[in-house]
Amino acid sequence: MTSYKDYTIATLGSHSALQILKGAKDEGFRTIAVCEKGRSEPYTSYKVADEIIEIDKFSDFFTIEEELKKRNAILIPHGSFVSYIGSEKVKDISMMHYGTRGILQWESDRMKSKEWLVDSGLNVPKIFDTPEEIDRPAIVKFHGAKGGMGYFVANTPDEFYDRIREYPEEKDYVIQEYIVGVPVYTHYFYSPINDELEIMSFDKRYESNADSIGRISAKDQLDANIRTSYTIVGNMPIVVRESMLPDFFAMGRRVVEKSRGLEGVGPAGLFGPFCLEAIVDPNLKLFVFEISARIVAGTNPYVDGSPYTWLRYDVPMSTGRRVARELKEAVEQDRLKEVLG
Ligand code: AMP
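Per the working numbering, the very first residue in the sequence shown carries number 6; after that it's consecutive.
Here it is, written out as structure tokens:
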């Protein structure tokens with residue numbers, strides 16, 4: 006029988022690595038941060054990594070995979086992992102890694118993820134198949150856009166064609182109804198080990214310049230010809246009206262249930278941390294515009310736990326630590342295979 010002490014937790018030094026590694030250490034694991042050369046200071050300064058392995062660029066990850074295997078490391082994929090390695094290449098990982106095999110292809114394809122959300126009975130913003138259909142505010146999102154950079158809002162087909170000229174190289178985009186409301190991103194954790202769905206926390210994003218435009222008058226906005234952009238800079242914690250919690254739980258549960266049977270996804274379906282990104286309108290109607298099937302950076306304000314995890318745990322429980330605890334319990338119950346991709 007192996008002990009969890011025989012394993013090391015490894016992740017790429019970016020995104021949510023600080024809390025993943027800190028959480029792993031709190032649960033008693035050894036940790037490795039794989040960093041780009043010259044960018045390891047956070048991981049040494051905050052003392053979350055027992056070992057740092059440096060590579061030139063994250064896309065060189067596969068050159069050190071064997072080294073990680075020798076250390077009996079379990080890799081925790083996160084958002085930067087997907088964007089630097091590519092969701093297709095994630096399939097080529099041969100070392101132990103946490104999470105559902107095949108699920109990251111669903112989250113990174115906007116059409117596939119929309120299908121999954123709709124089949125789960127969630128309300129999603131309308132998608133306009135052609136620019137001619139734009140009859141209300143619409144947000145135009147480029148595929149693979151990093152952190153909301155370069156999105157634009159158009160109210161009419163003419164406005165769309167006027168703006169799209171600024172992006173001659175972009176051919177792959179979706180045109181989605183723009184919902185006027187507040188963003189609420191729900192951080193879930195589903196454990197197949199104890200068959201429980203938890204809501205760990207909520208956040209909203211701090212986006213430039215969407216979150217700064219209200220600091221100047223409408224006249225100044227027009228005079229300066231400011232375009233709204235959604236470049237993510239950070240995350241802010243929120244708590245929601247308690248009466249909305251049952252709906253958030255129900256949404257998460259339906260997404261987990263529907264994930265079993267998605268093409269290319271293992272029979273266990275989605276497990277571990279995931280996030281539903283929604284806009285809530287003034288009638289408290291929720292529009293889910295995205296799903297992330299792995300830990301999100303929005304959990305970072307909660308290294309020390311959230312108001313919700315504090316209700317359930319008697320220790321500060323970040324999402325990173327929850328992942329490590331799951332792995333520990335899986336090892337102790339000889340069920341590790343069930344939580345590896
Ligand atoms: P995304 O890259 O899809 O996560 O979107 C980046 C940001 O754009 C979000 O954090 C929201 O602030 C905003 N956004 C995206 N989709 C919508 C929508 N349908 N309605 C209103 N705001 C949106």
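Note that beta-carbon positions come from the ideal geometry of N, C-alpha and C, so glycine has one too. Because the structure is a prediction, the values reported are computed rather than measured.
In the structure shown, A283 falls within a strand segment according to DSSP collapsed to helix, strand and coil. The continuous stretches of beta strand (DSSP E) do not include M154, and DSSP gives it neither H nor E.
Relative to ligand 1, I300 has its C-beta separated by 7 Å or more from all heavy atoms. Within 7 Å of the C-beta of K290 there is not a single heavy atom belonging to ligand 1. Between A298 and L275, the CB-CB gap stays under 8 Å.
Counting along the chain, L109 sits inside the alpha helix (DSSP H) bounded by residues I108 to S113. Among the bridge pairs identified by DSSP, Q181 is matched with I132 and I144. For L17 against S85, the beta-carbon gap comes to about 6 Å, under 8 Å, which counts as contact.
Between A54 and I79, the C-beta spacing is not below 8 Å.
Counting along the chain, the unbroken alpha helix (DSSP H) around A335 starts and ends at T324 to E337. With contacts defined by Cβ atoms closer than 8 Å, Y178 and K209 do not form a contacting pair. Looking at the DSSP output, F292 sits in a beta bridge with I284. With respect to G28, S323 sits close: the two C-beta atoms are nearer than 8 Å. Per DSSP, reduced to three states, the secondary structure at S99 is coil, with no helix or strand assignment.
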